[in-house]
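Shown next, in structure tokens, is the structure this report addresses.
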Amino acid sequence: MLTVLKITNEKNSGIGEKLLSVFKPYQLKTELRRCGDIEVNYINYILRRGSIKYDKLYNCCIGKRKTILCDRRIPLEGSRLKRFTGIIYKKIMLDNFICDILKKADIDPAKIKISYYDPNAENPSLAERLLSYCTSLTVVSDMPRFYENESERIAESRGALFTVSNDISALCPCDIIIAPTIIKRALPTVSSNIIFTIYPPSSTVTGNIITDYYCEFPRKYFSLIDEDLDEMYLLAGLYSLCGVNSLAQLIPHSCGGSGIKYSADDIIRIIENKYQ
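Residues in the sequence shown are numbered consecutively from 697, following my numbering.
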């Protein structure tokens, strides 16, 4: 079962509402939605006065998973509840999106130059997949020996290999940077670089930064959607917490970052124009 939390701050404008807030400072409303054997429990905590009573919220989760879906602005520190991030599913969507657009782009693989930034060697499978779309791939990692072994293994089985470095400056020059991790270091990028990642960088990064990937929500699960919950976040919860493994096969139709959204065709044209 998924648990989704929403906090509604109710304004007390009239005398009656102010009196209600004194005697009933909060209210908990729940709604259970089902699709087959999947259940999503929506909790709406209506706050009229004072602070959130997290012990009451916790009571709603007794016998259920304590990792919940909620807005990242809701403070959960000290509540015994943990916010679900959805990062694992976002990494999968990044993989699917980048491989799909590279497959569709009309570009000679010998011309495109891609850099792959994976400091902790957490996502080696994508590096191997990228070799299907380019012959010039540089992997930058703080674990270079791991990736050197990977490169040798791939060379034996596929006759292709990539360059490995632990020097951040080796990322550039390139056309595309792919970083399926949270970027915590300044990167030597320029404004013309396209950077595909999973979260806004916490350090200085110049370029067209893509952090979000959007899919068509499967009609099968429409009954679980709530208008106040991000659909991709819900898909991530269904995949990671409910075991709906088929959602890993979805291919995003668009992407975005910093308030800008692009269709897959937009991104393909941007990449193709680099080689005109």
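We put the CB at the ideal spot given by N, CA and C, even for glycine.
Selection from the options that minimises the alpha carbon distance to residue i
{"i": "Lys725", "options": "Tyr929, Lys702, Arg849", "result": "Lys702"}
{"i": "Cys938", "options": "Leu833, Asp733, Tyr722", "result": "Asp733"}
{"i": "Leu743", "options": "Thr763, Ile770, Val736", "result": "Ile770"}
{"i": "Leu777", "options": "Lys760, Ile788, Asn792, Ile784", "result": "Lys760"}
{"i": "Ile873", "options": "Pro884, Ala851, Phe858, Ile891", "result": "Ile891"}
{"i": "Tyr813", "options": "Thr877, Pro869, Ser847", "result": "Thr877"}
{"i": "Ser942", "options": "Met789, Ile964, Glu844, Ile894", "result": "Met789"}
{"i": "Ser899", "options": "Leu883, Ile739, Asp908", "result": "Leu883"}
{"i": "Ser775", "options": "Cys870, Asp751, Asp838, Pro815", "result": "Asp751"}
{"i": "Cys766", "options": "Glu773, Asn755, Arg779, Lys799", "result": "Arg779"}
Inter-residue spacing [alpha-carbon to alpha-carbon] between residue i and residue j
{"i": "Arg849", "j": "Glu824", "result": "10 Å"}
{"i": "Leu698", "j": "Arg730", "result": "10 Å"}
{"i": "Val718", "j": "Arg745", "result": "With a pLDDT of 48 at Val718, under the threshold of 50, the modelled position of that residue is not reliable, and the figure given next carries that caveat. Each residue's Cα considered, the two are about 7 Å apart."}
{"i": "Leu826", "j": "Val835", "result": "11 Å"}
{"i": "Glu912", "j": "Ala944", "result": "13 Å"}
{"i": "Ser821", "j": "Tyr843", "result": "11 Å"}
{"i": "Lys957", "j": "Ser950", "result": "7 Å"}
{"i": "Leu940", "j": "Leu931", "result": "According to the sequence displayed, residue 940 carries Val and not Leu. Going from the Cα of Val940 to the Cα of Leu931 covers about 9 Å."}
{"i": "Asn816", "j": "Ser747", "result": "39 Å"}
{"i": "Arg768", "j": "Asn705", "result": "16 Å"}
{"i": "Ser853", "j": "Glu846", "result": "11 Å"}
{"i": "Lys762", "j": "Leu753", "result": "10 Å"}
Beta-carbon proximity check, residue i vs residue j, cutoff 8 Å
{"i": "Glu968", "j": "Ala801", "result": "yes"}
{"i": "Tyr860", "j": "Thr885", "result": "Per the sequence shown, the amino acid found at residue 860 is Val instead of Tyr. Cβ atoms of Val860 and Thr885: not closer than 8 Å."}
{"i": "Phe782", "j": "Gly952", "result": "Reading the sequence as shown, one finds Gly at residue 782 and not Phe. No, these two residues do not count as a Cβ contact at 8 Å."}
{"i": "Tyr738", "j": "Asp908", "result": "no"}
{"i": "Ala851", "j": "Leu857", "result": "yes"}
{"i": "Tyr971", "j": "Ile803", "result": "yes"}
Neighbourhood of residue i by C-beta, 6 Å cutoff - its chain only, sequence neighbours within 5 removed
{"i": "Ile784", "result": "Ser936"}
{"i": "Cys830", "result": "Pro805, Ile808, Ile810"}
{"i": "Asn819", "result": "Pro876"}
Close beta carbons around residue i, own chain, < 8 Å, minus the five adjacent residues each side
{"i": "Cys757", "result": "Thr699, Ile764, Leu777"}
7 Å Cβ shell around residue i - same chain, five flanking residues per side excluded
{"i": "Asp838", "result": "Pro815, Asn816, Asn862"}
{"i": "Ile964", "result": "Ile797, Lys800, Ala801"}
- Message: Could you tell me which whole beta strand (DSSP E) segments of length 3 or greater appear in the region 715-759?
- Response: 722-731, 734-743
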